[in-house]
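**Student:**
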Amino acid sequence: MSKQSTRAVAIEALRRRLTARDASIGVIGLGYVGLPLIGAIASAGFKVVGFDIDADKVTLLNAGRSYIRHISDASIAALVKQRRFRAVTDFAELAQVDAVLICVPTPLTRHREPDLSYIVGTAESIAPHLRRGHLIVLESTTYPGTTREVMLPILERGGLKSGIDFFLGYSPEREDPGNTQYSTTKIPKVVGGDGADALSLVAAFYDQFVAGTIPVASCETAEAVKLTENIFRAVNIALVNELKMVYSAMGIDVWEVIKAASSKPFGFMPFYPGPGLGGHCIPIDPFYLTWKAREYDISTRFIELAGEINTAMPRYVIERLQSALNERHGKGLKGARILILGVAYKKNVEDMRESPTFKIIELLEARGAAVAYHDPFVAEIPRSREHPEFAGRRSVPLNPETARSADVALICTDHDGVDYRIVVEHCPLVIDTRNACAHAGCAAANVVKA
Ligand SMILES: NC(=O)c1ccc[n+]([C@@H]2O[C@H](COP(=O)([O-])OP(=O)(O)OC[C@H]3O[C@@H](n4cnc5c(N)ncnc54)[C@H](O)[C@@H]3O)[C@@H](O)[C@H]2O)c1
Numbered sequence: 187m188s189k190q191s192t193r194a195v196a197i198e199a200l201r202r203r204l205t206a207r208d209a210s211i212g213v214i215g216l217g218y219v220g221l222p223l224i225g226a227i228a229s230a231g232f233k234v235v236g237f238d239i240d241a242d243k244v245t246l247l248n249a250g251r252s253y254i255r256h257i258s259d260a261s262i263a264a265l266v267k268q269r270r271f272r273a274v275t276d277f278a279e280l281a282q283v284d285a286v287l288i289c290v291p292t293p294l295t296r297h298r299e300p301d302l303s304y305i306v307g308t309a310e311s312i313a314p315h316l317r318r319g320h321l322i323v324l325e326s327t328t329y330p331g332t333t334r335e336v337m338l339p340i341l342e343r344g345g346l347k348s349g350i351d352f353f354l355g356y357s358p359e360r361e362d363p364g365n366t367q368y369s370t371t372k373i374p375k376v377v378g379g380d381g382a383d384a385l386s387l388v389a390a391f392y393d394q395f396v397a398g399t400i401p402v403a404s405c406e407t408a409e410a411v412k413l414t415e416n417i418f419r420a421v422n423i424a425l426v427n428e429l430k431m432v433y434s435a436m437g438i439d440v441w442e443v444i445k446a447a448s449s450k451p452f453g454f455m456p457f458y459p460g461p462g463l464g465g466h467c468i469p470i471d472p473f474y475l476t477w478k479a480r481e482y483d484i485s486t487r488f489i490e491l492a493g494e495i496n497t498a499m500p501r502y503v504i505e506r507l508q509s510a511l512n513e514r515h516g517k518g519l520k521g522a523r524i525l526i527l528g529v530a531y532k533k534n535v536e537d538m539r540e541s542p543t544f545k546i547i548e549l550l551e552a553r554g555a556a557v558a559y560h561d562p563f564v565a566e567i568p569r570s571r572e573h574p575e576f577a578g579r580r581s582v583p584l585n586p587e588t589a590r591s592a593d594v595a596l597i598c599t600d601h602d603g604v605d606y607r608i609v610v611e612h613c614p615l616v617i618d619t620r621n622a623c624a625h626a627g628c629a630a631a632n633v634v635k636a
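Per this note's numbering, residue 187 is the first one in the sequence shown, and the count goes up by one each step.
Below you can see the structure in the form of structure tokens.
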């Protein structure tokens, strides 16, 4: 058989295994993205091997336990018991799987530049075990060019060629943790490939378990799609944060404005203001494009401006708090007792990465305030890279007594299931960055929106 037809036979064999769902799939990075993805793939019938460098997570998962609140122990235990999923730290097992999906972190460095060390590290772990017929797909959010400019050369070091010996693609994860309406399988997936064969294999695989695939021209296009989605959010959130400040100075409630504007059946999409951006995506991803755009002598002014406005929000909230405390109660921040409601970066999740609340606590304490927090999702603040100083602090109960002992309650996250009435009734001043009191039907004169 000629080289050409051997290759065609190998592609068809892989396609058949993928569409028959008897291929074995490796997922690298068992985090907020990797774990739900594994659930979706394993539930479709594939066998999944999860790879992580964190041995504790691997042990926990193999014992049938989840460390992410919205993923149940029972769902992990069932997959382990049915032998559909197991987790390992030994990357040599990559040689046994047919396809490898990469879901490792893509943070910014201290100088706010893309930190590709996790992607590079992963590509270097795969390279020695790469074999003919492997399908490798990057899912981590990153700038256009990462898959082919950064990963491909590392993978080809051993002599195998992309598009000939193995197949390389990019398909961005669109996970929205905690969103019960749109779980992994209900979200369509954009797919890009390094060449036509890679693209068709990537699409054939994801078509087995998601609500449709959208093939695009290249890995770069797929990478750009994900950044565009997140930049769109960052810029629009900055816009409503700016409007919030302007309207507030005019005595207009931005929340009422957004609600009324949303009645327009076309051409308007509501975004909501808040205490600043949080999470692993929206505050970070736009700057991946900013960095890459410099290579083309282009500055991304919208992105920078949105970043400036969103980053200024914690200071704005504190200014509002400080002046309300001063005007209404004749008190300063020094010595004031502040009860923060919510340290997670968004409602109904325990994820605190990049949470603007940490900046708020830092600024309040620097000005001499005594800060306590209540968060039903975060009983104790774990050690984090960005804020090790807060590790070990514990959530206080929310009851009339704790509310009465605070000078100000500051609502940073609008978790459902928190009784906002308690602070409205027992705390002299409530600063609400999420319009939570109005939504809970307990708006009152002591509530200030910020
Ligand atoms: N969290 C979200 O909501 C979300 C949504 C869409 C896209 N994303 C993107 O998905 C990617 C992953 O994000 P996440 O939130 O799942 O991160 P995470 O921190 O929750 O999980 C990443 C996992 O990768 C592991 N890891 C790190 N380096 C590794 C290596 N070299 N080999 C193997 N494992 C390694 C870590 O131990 C961790 O378990 C990021 O690029 C992120 O931008 C995240």
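Just so you know, even glycine gets a beta-carbon here, dropped at the ideal spot from N, CA and C.
Can you give me the C-alpha to C-alpha distance between residue 430 and residue 462, rounded to a whole angstrom?
**Tutor:** Going from the Cα of residue 430 to the Cα of residue 462 covers about 12 Å.
**Student:** Taking the alpha-carbon of residue 619 as reference, which of 531, 566, 583 and 192 has the nearest alpha-carbon?
**Tutor:** 531
**Student:** According to the neighbour-count rule (16 or more other Cβ atoms, all chains shown, within 10 Å of its Cβ), is residue 192 buried or exposed?
**Tutor:** exposed
**Student:** Just curious, the alpha helix (DSSP H) that residue 560 is in, first and last residue?
**Tutor:** Where residue 560 is concerned, there is no enclosing alpha helix (DSSP H), although the beta strand (DSSP E) it sits in stretches over 556 to 560.
**Student:** Going along the chain, which residues of its own chain have a beta-carbon closer than 6 Å to the beta-carbon of residue 244, five neighbours each way excluded?
**Tutor:** 238, 273 and 275
**Student:** Can you have a look at residue 468 and say buried or exposed, based on whether 16 or more other CB atoms are within 10 angstroms of its CB?
**Tutor:** buried
**Student:** Please look up how many angstroms separate the CB atoms of residue 415 and residue 330, rounded, as I've assumed it's under 8 Å.
**Tutor:** Not confirmed; about 14 Å, so no contact.
**Student:** Quick one: grab the DSSP three-state call for residue 400.
**Tutor:** strand
**Student:** According to DSSP, simplified to helix, strand and coil, what is residue 494?
**Tutor:** In this structure, residue 494 counts as helix in the three-state DSSP scheme.
**Student:** Decide if the stretch 226 to 234 is in contact with the stretch 205 to 214; the criterion is three or more beta carbon pairs, one per stretch, under 8 Å apart.
**Tutor:** yes
**Student:** If you reduce the DSSP assignment to three classes, tell me which class residue 237 lands in.
**Tutor:** strand
**Student:** Return the bridge partner residues of residue 616 from the DSSP annotation.
**Tutor:** Answer is 595 and 633.
**Student:** Do the stretch 518 to 530 and the stretch 550 to 568 make contact, defined as three or more Cβ pairs closer than 8 Å?
**Tutor:** Yes, the stretch 518 to 530 is in contact with the stretch 550 to 568.
**Student:** For residue 262, verify whether its CB is less than 8 Å away from any heavy atom of ligand 1.
**Tutor:** no
**Student:** Pick from 235, 199 and 204: whose alpha carbon is nearest that of residue 216?
**Tutor:** Of the listed residues, the one whose Cα sits closest to residue 216 is 235.
**Student:** Buried or exposed, going by whether 16 or more other CB atoms sit within 10 Å of the CB of residue 452?
**Tutor:** With fewer than 16 other beta carbons inside 10 angstroms of its own, residue 452 counts as exposed.
**Student:** Tell whether a beta-carbon distance below 9 Å holds between residue 471 and residue 292.
**Tutor:** yes
**Student:** Going by the DSSP bridge assignment, what does residue 374 pair with across the sheet?
**Tutor:** The partner list for residue 374 (beta bridge, DSSP) is empty, contrary to what the question assumes.
**Student:** Considering residue 518, what are the terminal residues of the alpha helix (DSSP H) in which it resides?
**Tutor:** Residue 518 -> no alpha helix (DSSP H), and no H or E assigned at all.
**Student:** Closer than 8 Å by C-beta to residue 668: which residues in its own chain qualify, once you throw out the five before and the five after it? Chain order, please.
**Tutor:** Any question about residue 668 goes unanswered here, given that the chain covers just 187 to 636.
**Student:** Between the alpha carbons of residue 270 and residue 562, how many angstroms are there, rounded?
**Tutor:** Between residue 270 and residue 562, the C-alpha separation is close to 33 Å.
**Student:** Evaluate the contact criterion for the stretch 439 to 446 versus the stretch 347 to 366: three or more CB pairs, one atom per stretch, below 8 Å.
**Tutor:** No, because fewer than three Cβ pairs between the stretch 439 to 446 and the stretch 347 to 366 fall closer than 8 Å, the two stretches do not touch.
**Student:** Quick check: the stretch 282 to 300 against the stretch 254 to 271, are at least 3 beta-carbon pairs closer than 8 Å?
**Tutor:** no
**Student:** Is DSSP giving residue 257 helix, strand or coil here?
**Tutor:** When DSSP states are grouped into helix, strand and coil, residue 257 belongs to the coil group.
**Student:** Pairs of beta-carbons, one from the stretch 194 to 201 and one from the stretch 380 to 397, closer than 8 Å: are there three or more?
**Tutor:** yes
**Student:** At which residues does the beta strand (DSSP E) containing residue 214 begin and terminate?
**Tutor:** 210 to 214
**Student:** Consult DSSP for residue 572 and reduce its assignment to one of helix, strand or coil.
**Tutor:** coil
**Student:** Hey, would you say the C-beta of residue 239 is under 8 Å away from at least one heavy atom of ligand 1?
**Tutor:** yes
**Student:** Assuming residue 287 is part of the beta strand (DSSP E), what are its boundary residues?
**Tutor:** 285 to 288
**Student:** Do you know whose CA, among 278, 242 and 246, lies nearest residue 266's CA?
**Tutor:** Of 278, 242 and 246, the smallest CA-CA separation from residue 266 is found for 246.
**Student:** What does DSSP give as the partner residues of residue 303 in its beta bridges?
**Tutor:** In the DSSP output, where bridge partners are listed per residue, residue 303 has none listed.
**Student:** On the three-state DSSP scale, how would you describe residue 272?
**Tutor:** strand
**Student:** Confirm, please, whether the CB-CB distance from residue 391 to residue 221 is below 9 Å.
**Tutor:** no
**Student:** From residue 504 to residue 515, what does the alpha carbon distance come to, in whole angstroms?
**Tutor:** C-alpha of residue 504 to C-alpha of residue 515: approximately 16 Å in a straight line.
**Student:** Can at least three beta-carbon pairs, one atom from the stretch 333 to 347 and one from the stretch 304 to 317, be found at a separation below 8 Å?
**Tutor:** For the pair of segments examined, the stretch 333 to 347 was found to touch the stretch 304 to 317: the number of CB pairs separated by less than 8 Å reaches three.
**Student:** Which residues mark the beginning and the end of the beta strand (DSSP E) in which residue 355 is found?
**Tutor:** 353 to 356
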